[in-house]
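Colleague: Each residue of the sequence shown is one higher than the one before, counting from 66 in the numbering used here.
The beta carbon of each residue, even a glycine, is placed where N, CA and C say it ideally should be.
All figures in this text were calculated on a predicted structure; none of them were measured in a lab.
Once you've had a glance at the structure underneath, I'll fire off some questions.
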Amino acid sequence: MHWVWSVRHRLFASILFAIAVAVFLPREYLPLTRALCIWNAGAVNFLILTWMLMLQGTPELMRHNAQQLDAGRLAILSTITAAAFASFLAIFFLLRDTKGLPPNLLFLHLGLSVLTIVGSWMQVHTIFTMHYARSYYKNRSKQHGSYLQAGGLDFPGDEEPDYKDFLYFSFGIGMTCQVADVQITSRSTRYLVLFHSVLSFFFNTAILAMSVNIIAGLN
């Protein structure tokens, strides 16, 4: 069985899961804590569904997805990116009130903060991975020239790339804010990589700042 849900379907399923989690959260949780719990429930669910797709995403399945799941991805990408930054803002306000908390609540807040940071970071770069892959195979299906040139990315070697290759490309940008040995062969892809690199720089800077706050909260 192949998981071929579109981004919209996975987002909808994640929203439903987050709503279900919200129903069972303890009433004594502060509104901000509840909001972060709900966000993390949806984010983790989305990551699980997406990575299940990528782990069995053969080039043949990816070509099918590129033709079926193309509409509205940029809007979805913008929404996920904005939501991830909103979660960082929520963490800032959450960590601001950690001093003086009893140990059990302190570690709950810090654990929730770490989960939000890691989940937000992974979600943004996973979304970019899906976008690079779909754009690559969509462009290849519409153009009848060189396969490698038509997709906007030129991977080393002769094998057709799968999702793991796009994970390598996307998370490499996410960690270093630059590309490695994959060549960019189209202007639109260069613009997307530029946006991804700048976003990664600010994201990583925010993670560093949040880490300092977390360490300070433990003292």
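Using C-beta distances below 7 Å, list every residue in its chain close to residue 258, excluding the 5 sequence neighbours before and after it, in chain order.
Modeller: 238, 244 and 249
Colleague: If we ignore side chains and look at the alpha-carbon of each, how far apart do residue 172 and residue 260 end up?
Modeller: 35 Å
Colleague: Starting from residue 248, follow its DSSP beta bridges and name the residues at the other end.
Modeller: DSSP output for residue 248 lists 219 as bridge partner(s).
Colleague: How should residue 188 be labelled, buried or exposed, when 16 other C-beta atoms within 10 angstroms of its C-beta is the threshold for buried?
Modeller: buried
Colleague: When the Cα atoms are used, what is the spatial distance from residue 142 to residue 195?
Modeller: 10 Å
Colleague: Find out if the Cβ-Cβ distance for the pair residue 88, residue 106 is shorter than 8 Å.
Modeller: no
Colleague: Tell me the residue span of the alpha helix (DSSP H) that contains residue 239.
Modeller: 228-241
Colleague: With burial defined as no fewer than 16 other Cβ atoms inside 10 Å of the residue's Cβ, what is the status of residue 146: buried or exposed?
Modeller: buried
Colleague: How about residue 90 and residue 99: are their beta carbons less than 8 Å apart?
Modeller: Yes, Cβ-Cβ distance for residue 90 and residue 99 is below 8 Å.
Colleague: Straight-line CA distance for residue 228 to residue 266?
Modeller: 23 Å
Colleague: Name the residue from 82, 79, 170 and 83 whose alpha carbon lies nearest to the alpha carbon of residue 93.
Modeller: Residue 93 has its Cα closest to that of 170, out of 82, 79, 170 and 83.
Colleague: Evaluate residue 144 with the Cβ neighbour count: other Cβ atoms within 10 Å of its Cβ, from every protein chain shown; 16 or more gives buried, anything less gives exposed.
Modeller: exposed
Colleague: Between the stretch 216-234 and the stretch 177-186, do three or more beta carbon pairs fall short of 8 Å?
Modeller: no
Colleague: Quick one: give me the first and last residue of the alpha helix (DSSP H) that residue 96 is part of.
Modeller: 96-120
Colleague: So, at 7 Å on beta carbons, what are the nonlocal neighbours of residue 255 in its own chain, with the 5 sequence-adjacent residues on each side left out?
Modeller: 249
Colleague: According to DSSP, simplified to helix, strand and coil, what is residue 125?
Modeller: helix
Colleague: For residue 148 versus residue 114, is the C-beta spacing smaller than 8 Å?
Modeller: no
Colleague: Taking residue 191 as the reference, give the member of 151, 232 and 154 with the closest Cα.
Modeller: 232
Colleague: Whole angstroms is fine: what's the gap from residue 80's alpha carbon to residue 234's?
Modeller: Straight across, the Cα-Cα distance linking residue 80 with residue 234 is about 28 Å.
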